[in-house]
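Okay, so here's the structure we're looking at.
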Amino acid sequence: MEPETHHEIRYKPNPIYVVLEIIGSIIMGIGLADALANTSITPQILRFENYAWYMVGIGFLLGVPHLNGLIRFGKSMKEKNANI
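So the sequence shown is numbered by the numbering used here: it starts at 3 and just counts up by one.
Written out as structure tokens, the structure reads:
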């Protein structure tokens with residue numbers, strides 16, 4: 003009897019999505035620091051009313067493509083395991 007082989011399937015993210023995720027995380031972190039800790043990391047010329055919360059939202063939106071890729075990968079793995 004032949005032993006069952008186990009092939010590890012790994013998630014290979016799109017490099018552009020990873021870069022967007024990193025940039026988004028940095029923007030979100032700066033926005034949260036400015037909003038919650040009363041810091042002034044952002045230059046004065048770029049500030050407007052509630053700018054920090056806009057930075058948090060934009061940072062989150064930049065991470066959405068990578069999150070979408072992770073969800074699609076998870077769904078495809080679930081379908082593959084259901085067919086086995």
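A virtual CB, placed ideally from N, CA and C, is assigned to each residue, including glycine.
Keep in mind that this is a model prediction, so the values were computed, not measured.
Ranked by Cα distance from G61, the options Y13, A35, I11, R12 are led by A35. Remark: fewer than three beta-carbon pairs, one from each stretch, lie closer than 8 Å, so the segment 18-28 and the segment 47-59 are not flagged as touching. By the neighbour-count criterion, in which a residue is buried when 16 or more other Cβ atoms sit within 10 angstroms of its Cβ, L69 is exposed. Sixteen is the threshold: when 16 or more other Cβ atoms of the shown chains lie within 10 Å of the Cβ of I29, as they do, the residue is buried. V58 is positioned such that its CB atom lies closer than 8 Å to that of A37.
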